[in-house]
Amino acid sequence: MTAPVCILTPNLTRSAGGVIAAILGQARGLSDKGRPIRLVGLGEPEDVAGLPIELHTKVVPYLNSRAFGPAPGLETAIDASGANIVHLHGLWIRSVSVAARRWKTSQAKHLVLSPHGMLDPWALANSRWKKRLALTAFEWKTLEAADCLHALNAAELDAIRAMGLTCPVAVIPNGVDLPKLSAPPPPPCGDGRRVMLFLGRLHAKKGIAETLKAWAHAIAERPALAQEWRVVIAGWDDGGHQAELTSLCEALELQTHVAFLGPVYGAAKASLLAHCDAFVLASYSEGLPMSVLEAWSYRKPVFMTRACNLPEGFVASAAVEINTDPYGIARTFLERLDRKELEGLAMNGRRLVETQFSWTTVGEKLDALYRWLETREHRPAEVEI
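See below:
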């Protein structure tokens, strides 16, 4: 019988954004391969209730602070999983990091760690002193204890090596579920204009403010654009950033050109993706953004930065490259918001996720990684020593 894998996450709630979506997708892909999965993470039962989880799941509450507070029962939950491998997703949460390392040391079994882009230079520079403290206090020991690190792409592999970490690294991307392309009912936010969508966590690193400034520049130069298009921003507020964005819209007089929807899930999210006309992510730093994969899966053209770490999209003509300069983004919008070109980008994006980013393929690659760790036979091509 195949031994279970314990997937361990510091945040087993929707507020984990793309990370929790990736974890659940990986878990389904592995389950389809016959690998038993035990999902363990920090949270409260009411936080988890809305997640689409059909797995053996253990939710462990934390005390006082998620980042540094204790989580009584976490180590017991990991032990009870009966796993040969713990796959830890994410960094900077002391209780989870320490519990994973102690399990590996005491059990003499295997630890895999996915940083999810958190070791990229921009990400490390954000809240730099807190992360230096965390590295010194606990995180570096866990990184060094890992039998294998999991990078989402070649750029993350480079960032891991730049940290001086020398253990094996498996380069395996995220995946996406492929929706049926029959359109669900339209969202209630429609006003007849085409929609440029941002969908994700509202955080400064996502370049939303830069996108709004770009939109203001673009419609000032070509007022007719505002009659045909508007920007829709959907996602949960991280640290009060939405208030800053709302104030920016008022200062730029964009109130009638931008809509804030708040977080959307399930059928509402599917409807929004199905009925939008383009997707934008002017990000400064990403691991591998689930939102872009989802947009492609719904056959939508994408405007994104190189920092999204999906160069395949540019090669496949599924995405238009933008930077984080508002004037540069505006110029790209003015030059590339052509209906015929967008249709071609959209078709290419769907083909790209069908061939390279399915959860079935990801599950096969992760299962091969785990089997290699268990047997040290048949090292997968994705593993860099």
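Just so we're on the same page, this note's numbering is the position in the sequence shown counted from 1, plus 1487. We put the CB at the ideal spot given by N, CA and C, even for glycine.
Could you check where the alpha helix (DSSP H) with residue i kicks off and where it finishes?
{"i": "Thr1847", "result": "1846 to 1862"}
{"i": "Phe1801", "result": "1798 to 1802"}
{"i": "Ile1647", "result": "1641 to 1649"}
{"i": "Val1663", "result": "Counting along the chain, Val1663 falls outside any alpha helix (DSSP H), and DSSP gives it neither H nor E."}
{"i": "Pro1638", "result": "It is Ala, not Pro, that sits at residue 1638 in the sequence shown. Not the alpha helix (DSSP H): Ala1638 falls in the beta strand (DSSP E), residues 1635 to 1638."}
{"i": "Leu1839", "result": "1826 to 1843"}
{"i": "Ala1711", "result": "1711 to 1715"}
{"i": "Glu1631", "result": "1627 to 1632"}
{"i": "Pro1557", "result": "Note, Pro1557: premise wrong, no alpha helix (DSSP H); not H, not E."}
{"i": "Leu1741", "result": "Per DSSP, Leu1741 belongs to no alpha helix (DSSP H) and is neither H nor E."}
{"i": "Pro1608", "result": "1608 to 1612"}
Using DSSP with H/G/I as helix, E/B as strand and the rest coil, what is residue i?
{"i": "Ile1816", "result": "helix"}
{"i": "Trp1702", "result": "helix"}
{"i": "Lys1545", "result": "strand"}
{"i": "Asp1724", "result": "strand"}
{"i": "Phe1766", "result": "strand"}
{"i": "Met1791", "result": "strand"}
{"i": "Gly1528", "result": "strand"}
{"i": "Cys1654", "result": "coil"}
{"i": "Arg1786", "result": "coil"}
{"i": "Ile1872", "result": "coil"}
{"i": "Thr1496", "result": "strand"}
{"i": "Arg1619", "result": "helix"}
{"i": "Leu1775", "result": "coil"}
{"i": "Leu1689", "result": "strand"}
Would you kindly check if the distance between the Cβ of residue j and the Cβ of residue i is under 8 Å?
{"i": "Pro1813", "j": "Glu1697", "result": "yes"}
{"i": "Thr1792", "j": "Ala1769", "result": "yes"}
{"i": "Leu1665", "j": "Leu1699", "result": "no"}
{"i": "Leu1832", "j": "Val1802", "result": "no"}
{"i": "Ser1614", "j": "Gly1687", "result": "no"}
{"i": "Val1599", "j": "Asp1645", "result": "no"}
{"i": "Arg1837", "j": "Asp1764", "result": "no"}
{"i": "Thr1489", "j": "Arg1525", "result": "no"}
{"i": "Val1573", "j": "Cys1493", "result": "yes"}
{"i": "Val1658", "j": "Asn1640", "result": "yes"}
{"i": "Leu1759", "j": "Ala1721", "result": "yes"}
{"i": "Gly1800", "j": "Leu1839", "result": "yes"}
{"i": "Phe1555", "j": "Ala1705", "result": "no"}
{"i": "Val1546", "j": "Leu1499", "result": "yes"}
{"i": "Glu1643", "j": "Asp1678", "result": "no"}
{"i": "Trp1723", "j": "Ser1502", "result": "yes"}
{"i": "Ala1746", "j": "Val1719", "result": "yes"}
{"i": "Glu1562", "j": "Arg1589", "result": "yes"}
{"i": "Ser1784", "j": "Asn1835", "result": "no"}
{"i": "Ala1570", "j": "Pro1491", "result": "yes"}
{"i": "Pro1867", "j": "Gly1505", "result": "no"}
{"i": "Ser1601", "j": "His1543", "result": "no"}
Beta strand (DSSP E) containing residue i: first to last residue?
{"i": "Ser1593", "result": "Not the beta strand (DSSP E): Ser1593 falls in the alpha helix (DSSP H), residues 1581 to 1594."}
{"i": "Val1682", "result": "1681 to 1686"}
{"i": "Ile1565", "result": "Premise fails: Ile1565 lies in the alpha helix (DSSP H), 1561 to 1567, not in any beta strand (DSSP E)."}
{"i": "Gly1749", "result": "1745 to 1749"}
{"i": "Thr1489", "result": "Counting along the chain, Thr1489 falls outside any beta strand (DSSP E), and DSSP gives it neither H nor E."}
{"i": "Glu1808", "result": "1806 to 1808"}
{"i": "Leu1598", "result": "1597 to 1601"}
{"i": "Leu1439", "result": "The chain is shown from 1488 up to 1872; residue 1439 falls before or after that span and cannot be answered."}
Stretch pair the stretch 1613 to 1628 + the stretch 1575 to 1585: three plus CB contacts closer than 8 Å: yes
Runs of alpha helix (DSSP H) wholly within the stretch 1501 to 1526 (minimum 4 residues, chain order): 1505 to 1519
At least 3 beta-carbon pairs within less than 8 Å: the stretch 1839 to 1848 vs the stretch 1506 to 1517: yes
Segment contact flag, the stretch 1553 to 1567 with the stretch 1589 to 1601, C-beta cutoff 8 Å, min 3 pairs: yes
Contact between the stretch 1683 to 1697 and the stretch 1757 to 1777 (3+ Cβ pairs under 8 Å): yes
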